[in-house]
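Enquirer: Read in order, the letters of the sequence shown correspond to residues 361 to 647 in our numbering.
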Amino acid sequence: MVDRASFDKGLIDLAAAAGAEIAQRTEVTGFTPRGDLWQVETNRGMFPARKVIIADGALGKTAARAGFKKKYGLDGWAMAYEMPQTTPRNEMVVDLGILPYGYTWLFPKGPSLSIGVGVAKKHDDHRKIFDTLALFADRQGVPFDRAQCRGQRIALWGGNQPLTLKDSFLLAGEAAALVDPLNAEGIRPAIKSGMAAGEAVDAALAGDADAFLRYQRNMWTQLGREFAIATRIVRFFFLFPALSYHTALFHPRATSIMNEVFVGSLAYSAITDKVFAVLRKKILGIG
Ligand SMILES: Cc1cc2nc3c(=O)[nH]c(=O)nc-3n(C[C@H](O)[C@H](O)[C@H](O)COP(=O)(O)OP(=O)(O)OC[C@H]3O[C@@H](n4cnc5c(N)ncnc54)[C@H](O)[C@@H]3O)c2cc1C
361 MVDRASFDKG LIDLAAAAGA EIAQRTEVTG FTPRGDLWQV ETNRGMFPAR
411 KVIIADGALG KTAARAGFKK KYGLDGWAMA YEMPQTTPRN EMVVDLGILP
461 YGYTWLFPKG PSLSIGVGVA KKHDDHRKIF DTLALFADRQ GVPFDRAQCR
511 GQRIALWGGN QPLTLKDSFL LAGEAAALVD PLNAEGIRPA IKSGMAAGEA
561 VDAALAGDAD AFLRYQRNMW TQLGREFAIA TRIVRFFFLF PALSYHTALF
611 HPRATSIMNE VFVGSLAYSA ITDKVFAVLR KKILGIG
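Okay, structure coming up:
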């Protein structure tokens, strides 16, 4: 389980050690072309750049400022709080049946516990999300602390959209809606796309004219194709939530499959046919 504060600090330290200049509390406010460079405007002055990777997350405005047309991603929502572990627990708990299009989790993270809820759908009724989390916390025997809850929109993958513009800008991470619509996982795709975007910029600066389009193609095929399958699984699952839940829960390989998906060692494409065959057989009696 990832502790974001130390994970993010670790990334910053690695980047600094590799020679990156780190500018904290520096907000990008716009881009102005100047010769063959872009002046990146910020609240702390201008930074000249030939290529720009935009990775400002689900709520970022930078893609629009660069000229990307659409707001990326389908609406999801996640909310979580952390608390110290009083009685040490090592098991992770995921409850898929507690609310439509969503799940709750309890993740042990060393000395603390993360308790949260993710919903793969636009959700305006935040009171219901709080209530769901409170119910889940109660079932898990841990206190619920509404004041500690932090949540925000999640930009779930919504299909292939441009990830490059003007041969100068690349979108990565949640700014590109690279979030798994089934489990709302966005950290691994953000790392993967961030590294691929860095390599694409390197190649482009070295004269590779196809580097940005290749990046876009690779993200569509390596991540987007998997996310499209995940979307189909979510839709099918929540068409028949009770039966699907029952089927998933009692399938002998269900837990190990979910674990393998979570750690990234199993792709949806490798199990799609099997998943749909099992669900169809149990739910529709076909197969
Ligand atoms: C409650 C919750 C729990 C989650 N749990 C998990 C989980 O367990 N596992 C998982 O894989 N994913 C999880 N996610 C999703 C995951 O956090 C994101 O998908 C992931 O962090 C995306 O990484 P990113 O680098 O693209 O964007 P972010 O991590 O959102 O980082 C974007 C950064 O850009 C900065 N920024 C924004 N605008 C500007 C600007 N104009 N100028 C400069 N900087 C700017 C922001 O301040 C921020 O630091 C969770 C999300 C939420 C809300």
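Where a beta carbon is used, it is the ideal one built from N, C-alpha and C, also for glycine. Please read these numbers as outputs of a predicted model, since none were measured by experiment.
Among LEU531, ALA566, GLY567, PRO541, which has the Cα closest to the Cα of LYS552?
Expert: For the purposes of this step, residue 552 is taken as the residue at position 192 of the sequence shown. That would be LEU531, whose Cα lies nearest to the Cα of LYS552.
Enquirer: For TYR628, which residues of its own chain have a beta-carbon under 6 Å away from its beta-carbon, when the five flanking residues on both sides are left out?
Expert: In the sequence shown, residue 628 corresponds to position 268, counting from 1. Closer than 6 Å at the Cβ level, and outside the excluded window around TYR628, lie GLU586, ILE589, ALA590.
Enquirer: Do GLN512 and ligand 1 come close, with the Cβ less than 8 Å from some heavy atom?
Expert: As a position in the sequence shown, residue 512 is number 152, starting the count at 1. Yes - ligand 1 has a heavy atom lying nearer than 8 Å to the Cβ of GLN512.
Enquirer: Would GLN399 count as contacting chain D if we go by Cβ distances under 9 Å?
Expert: Absent here is chain D; the protein component of the structure consists of one chain.
Enquirer: Note the first and the last residue of the continuous alpha helix (DSSP H) segment covering GLU559.
Expert: As a working mapping, residue 559 is identified with position 199 in the sequence shown. That run of the alpha helix (DSSP H) goes 547-565.
Enquirer: So does the segment 414-431 actually touch the segment 568-582, counting three or more Cβ pairs closer than 8 Å?
Expert: No, the segment 414-431 does not touch the segment 568-582.
Enquirer: For a test of your reading of the model: does the CB of ASP416 fall under 8 Å from any non-hydrogen atom of ligand 1? Yes or no.
Expert: Along the sequence shown, one-based indexing puts residue 416 at 56. Yes.
Enquirer: Taking 9 Å as the threshold (C-beta atoms), are VAL453 and LEU466 in contact?
Expert: Counting from 1 along the sequence shown, the entry for residue 466 is found at position 106. Counting from 1 along the sequence shown, the entry for residue 453 is found at position 93. Result yes, Cβ atoms of LEU466 and VAL453 sit closer than 9 Å.
Enquirer: Relative to the C-alpha of VAL638, which residue among ALA426, PHE490, PHE610, TYR463 is closest?
Expert: Here residue 638 is taken as the residue at index 278 of the sequence shown, counted from 1. Checked all of ALA426, PHE490, PHE610, TYR463; the closest Cα to VAL638 is PHE610.
Enquirer: What's the gap between the Cα of GLU387 and the Cα of THR632?
Expert: Here residue 387 corresponds to residue number 27 of the sequence shown, with the count starting at 1. Here residue 632 corresponds to residue number 272 of the sequence shown, with the count starting at 1. If you take the alpha carbons of GLU387 and THR632, they lie about 42 Å apart.
Enquirer: Is ARG499 near ligand 1, in the sense that its beta carbon is under 8 Å from a heavy atom of that ligand?
Expert: Working through the sequence shown from its first residue, we reach residue 499 at position 139. The answer is no for ARG499.
Enquirer: Is the number of C-beta pairs between the segment 538-549 and the segment 432-447 that are closer than 8 Å three or more?
Expert: Yes: the two stretches touch, three or more of their Cβ pairs being nearer than 8 Å.
Enquirer: Note down the Cα distance separating LEU599 from VAL621, rounded to an integer number of angstroms.
Expert: Here residue 599 corresponds to residue number 239 of the sequence shown, with the count starting at 1. Here residue 621 corresponds to residue number 261 of the sequence shown, with the count starting at 1. Rounded to whole angstroms, LEU599 to VAL621 spans 22 Å at the Cα level.
Enquirer: State the start and end residues of the unbroken beta strand (DSSP E) segment that holds PHE407.
Expert: Counting from 1 along the sequence shown, the entry for residue 407 is found at position 47. 405-409 is the extent of the beta strand (DSSP E) around PHE407.
Enquirer: Could you tell me the boundaries of the beta strand (DSSP E) in which TYR441 lies?
Expert: By 1-based counting over the sequence shown, the position of residue 441 is 81. Counting along the chain, the beta strand (DSSP E) containing TYR441 begins and ends at 434-444.
Enquirer: Are there any heavy atoms of ligand 1 lying less than 8 Å away from the beta-carbon of LEU523, as far as the coordinates show?
Expert: For this step, residue 523 is matched to residue 163 along the sequence shown. Every heavy atom of ligand 1 is 8 Å or more from the Cβ of LEU523, so no.
Enquirer: Would the C-beta of GLU534 count as close to ligand 1, meaning under 8 Å from any of its heavy atoms?
Expert: Here residue 534 refers to the residue found at position 174 of the sequence shown. Within the cutoff, so yes.
Enquirer: When the Cα atoms are used, what is the spatial distance from GLY533 to GLY546?
Expert: Here residue 533 is taken as the residue at index 173 of the sequence shown, counted from 1. Here residue 546 is taken as the residue at index 186 of the sequence shown, counted from 1. Taking the straight line from one Cα to the other gives about 7 Å.
Enquirer: Exposed or buried, what is VAL477 when buried is set at 16 or more other beta-carbons lying within 10 Å of its beta-carbon?
Expert: Here residue 477 refers to the residue found at position 117 of the sequence shown. So VAL477 ends up on the buried side.
Enquirer: Could you tell me whether the segment 517-526 touches the segment 361-377, where touching means 3 or more Cβ pairs closer than 8 Å?
Expert: Verdict: no, contact absent.
Enquirer: Identify the residues that DSSP records as bridge partners of PHE475: which are they?
Expert: Position 115 of the sequence shown holds residue 475. The amino acid at residue 475 is misidentified as Phe; the sequence shows Ile. Answer by DSSP bridge pairing, in chain order: TYR441, LEU466.
Enquirer: Taking the DSSP output, what are the residues bridged to GLY648?
Expert: It is not possible to answer for residue 648, since the shown part of the chain is limited to 361 through 647.
Enquirer: For the beta strand (DSSP E) containing THR389, name the first residue and the last one.
Expert: The residue you call residue 389 lines up with position 29 of the sequence shown. Note, THR389: beta strand (DSSP E), 388-394.
Enquirer: Could you tell me the distance, in whole angstroms, from the CA atom of TRP398 to the CA atom of ALA564?
Expert: Counting from 1 along the sequence shown, the entry for residue 398 is found at position 38. Counting from 1 along the sequence shown, the entry for residue 564 is found at position 204. Distance between the alpha carbons of TRP398 and ALA564 is about 15 Å.
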